[in-house]
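Asker: In the working numbering, the protein residues as written are 332 to 756.
(1) DSSP beta-bridge partners for residue 350?
(2) Measure the C-alpha to C-alpha separation of residue 595 and residue 630 and round it to an integer number of angstroms.
(3) Take residue 586 and list the residues in its own chain whose beta-carbon comes closer than 6 Å to its own, dropping the five residues that flank it on each side.
(4) Whole angstroms are fine: how far does the CA of residue 391 sit from the CA of residue 683?
(5) Taking the alpha carbon of residue 704 as the point to measure from, which residue in 648, 743, 601 has its own alpha carbon closest?
(6) Using a Cβ-Cβ cut-off of 7 Å (strictly less than) and excluding sequence neighbours within five positions of residue 711, which residues of its own chain qualify?
(7) Does the Cβ-Cβ distance between residue 368 and residue 340 come in under 8 Å?
(8) Below 8 Å between beta carbons: does that hold for residue 606 and residue 667?
(9) If I'm right that residue 517 touches residue 435 with Cβ under 8 Å, what's the distance once you round it to whole angstroms?
(10) Does DSSP put residue 484 in a helix, in a strand, or in coil?
(11) List in chain order: all unbroken alpha helix (DSSP H) runs of 4+ residues lying wholly within the region 503-577.
(12) In chain order, what are the residue ranges of uninterrupted beta strand (DSSP E) at least 3 long that sit wholly in the region 611-665?
(13) Can the beta-carbon of residue 715 be found closer than 8 Å to that of residue 448?
(14) Using only alpha-carbon positions, find the residue among 647, 739, 529 that is nearest to residue 443.
(15) Smallest Cα separation from residue 669: which of 642, 336, 613, 751?
(16) Count the other C-beta atoms from every protein chain shown that fall within 10 angstroms of the C-beta of residue 508, then say buried if there are 16 or more, exposed otherwise.
(17) Would you say residue 744 reaches chain B, if we count a Cβ-Cβ gap shorter than 8 Å as a contact?
(18) Taking DSSP as the reference, what is the three-state secondary structure of residue 609?
(19) Can you tell me whether residue 498 is helix, strand or coil according to DSSP?
(20) For a test of the three-state rule: what should DSSP assign to residue 329, helix, strand or coil?
(21) Does DSSP classify residue 754 as helix, strand or coil?
(22) Round the Cβ separation of residue 724 and residue 567 to the nearest angstrom and send it over; I've been treating them as touching at under 8 Å.
(23) Return helix, strand or coil for residue 685, following the three-state DSSP convention.
(24) In terms of residues, what are the limits of the alpha helix (DSSP H) holding residue 464?
(25) Distance check for residue 408 and residue 553, CA to CA, integer angstroms please.
(26) Could you say which of 414, 345, 360, 388 lies nearest to residue 557 if we only look at CA atoms?
(27) Mind checking which residues open and close the beta strand (DSSP E) that includes residue 340?
(28) Near residue 492, which residues of its chain fall below 7 Å by C-beta distance, leaving aside the five closest residues on each side in sequence?
(29) Can you look up residue 739 in the DSSP assignment and give me helix, strand or coil?
(30) Please say whether residue 471 and residue 584 have beta carbons closer to each other than 8 Å?
(31) Suppose you measure from the CA of residue 644 to the CA of residue 695; what does that come to, to the nearest Å?
(32) Specify, as a first and last residue, the run of the beta strand (DSSP E) that residue 390 falls within.
(33) Let's test the definition: count the other Cβ atoms within 10 Å of the Cβ of residue 573 and tell me whether it reaches 16, buried, or not, exposed.
(34) Per DSSP, what kind of secondary structure is residue 405 in: helix, strand or coil?
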């Protein structure tokens, strides 16, 4: 017998069915609440509201668990390639060797960016923020590549196009900040190696260190999808109007830009640099963070969803050590980061509040070690999150979900008479 939740209002009883997910998460379906009772729910920030059912990603913040299509993030980051994870998110299963090769070849075949898009890119000044450039050029793809489709095969063609060209235009944003010529996709390289050469090649062959590429592969996988976060929900909301994939993802890029979301890793490095400029006394700033009368807060610690250690942070912490050792990085900012990390893991104040270092804390350190400037950090996040955005958009479109349209509780003026201009005080 199925369980339900009963709501009593105006001496009437209404019953709503419970829906249980495959991992034990439970919701009750209030789709008919307003038509039954005239009531709506108020949940500012959607902390308790499920907007959709999805079979892509499972997240348990209390236990610190993250899984994609049933595979743990630990297994995927430790054993899979980023392209394999992209395939998994899009099609539901890990590809075999032949399917993976076929998928990569499809991406390579679509990697040529229209030269006219470069003309648009060149019109932006060097001072343009990389995220503004990325959002603009992603949207501008509509002018040169069709994102219309009638069949699933045509939808896949649009998806492959974006997967192929997004890393190219993301790298252009980086090149713009440096005032350097842009690069193009190298079909002799794999997807992650291409991202690296697009960023760092300067007209000659760039050295592809195995450890560095592997660390980048892990970092991209760790960002691939994270359930219904702000940018993903934005992509689904925009896509629910049947806006095209390019436009929907461009909206996701803009949502990711904010310091409360994807911009957090940039905020981490800026905080560390601020501590360095102040003399490097990390304990002073730890004390400030613990002082309830001080508005300073440590960036990169704690998480909106995880009430335990961020499972992605555990994985990327090891990659940080590999990168720093491989590149022989000696940086006071990194030393400060290590001291803050140690304090958070040992200090009772942080332990009690479960303010552990999250993935943003470590990812910024890797980007800095690789020579990526602060403003590009969120672009790197977007490169990783792209397959999640696409998979969520695809799921929403295939299920033909209704257009997103939240309700509100109005708290403004009650109805009042119009005052003629000459009578207004």
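Note that CB positions come from ideal geometry on N, CA and C, so glycine has one too.
Keep in mind that this is a model prediction, so the values were computed, not measured.
Answerer: Straight from the coordinates:
(1) Under DSSP, the beta-bridge partners assigned to residue 350 are 358.
(2) A straight line joining the alpha-carbon of residue 595 with that of residue 630 spans about 7 Å.
(3) 561, 562, 565, listed in sequence order.
(4) Cα to Cα, the separation comes out at about 19 Å.
(5) For the residues 648, 743, 601, the minimum Cα distance to residue 704 belongs to 601.
(6) Take residue 711, set aside five residues on each side of it, and the residues of its chain with a beta-carbon closer than 7 Å to its own are 698, 703, in chain order.
(7) For the pair residue 368 and residue 340, the CB atoms are nearer than the 8 Å cut-off.
(8) A Cβ-Cβ contact shorter than 8 Å links residue 606 with residue 667.
(9) Their Cβ separation, rounded to whole angstroms, is 13 Å, which puts residue 517 and residue 435 out of contact at 8 Å.
(10) Secondary structure at residue 484: helix, using DSSP grouped into helix, strand and coil.
(11) Listed in chain order, the complete alpha helix (DSSP H) runs (minimum 4 residues) inside the region 503-577 are 522-531, 541-553, 561-570.
(12) Segments of the beta strand (DSSP E) lying fully in the region 611-665: there are none.
(13) Their beta carbons are not under 8 Å apart, which means residue 715 does not touch residue 448 by this criterion.
(14) Closest option to residue 443, Cα to Cα, is 529.
(15) By alpha-carbon distance to residue 669, the top candidate from 642, 336, 613, 751 is 613.
(16) Only buried fits residue 508, as 16 or more other CB atoms lie within 10 angstroms of its CB.
(17) Absent from the structure: chain B. Only one protein chain is present.
(18) DSSP places residue 609 in the coil class of the three-state scheme, outside both helix and strand.
(19) The answer is helix: DSSP assigns residue 498 an H, G or I state.
(20) Outside the shown range of the chain (332 to 756) lies residue 329, about which nothing can therefore be said.
(21) For residue 754, the secondary structure class from DSSP, reduced to helix, strand or coil, is helix.
(22) Between residue 724 and residue 567, the beta carbon gap of about 7 Å places them in contact (Cβ cut-off 8 Å).
(23) Residue 685 falls in the coil class under three-state DSSP.
(24) Residues 461-471.
(25) The alpha-carbon of residue 553 is positioned some 7 Å away from that of residue 408.
(26) Of the candidates 414, 345, 360, 388, the residue whose Cα lies closest to the Cα of residue 557 is 388.
(27) Residues 335-340.
(28) Closer than 7 Å at the Cβ level, and outside the excluded window around residue 492, lie 441, 476.
(29) Of the three classes helix, strand and coil, the one that applies to residue 739 here is coil, per DSSP.
(30) The answer is no: Cβ separation not under 8 Å.
(31) Rounded to the nearest angstrom, the two C-alpha atoms are 12 Å apart.
(32) That run of the beta strand (DSSP E) goes 388-391.
(33) Around the Cβ of residue 573, a 10 Å sphere holds fewer than 16 other Cβ atoms; the residue is exposed.
(34) When secondary structure is reduced to three states using DSSP, residue 405 falls in the helix class.
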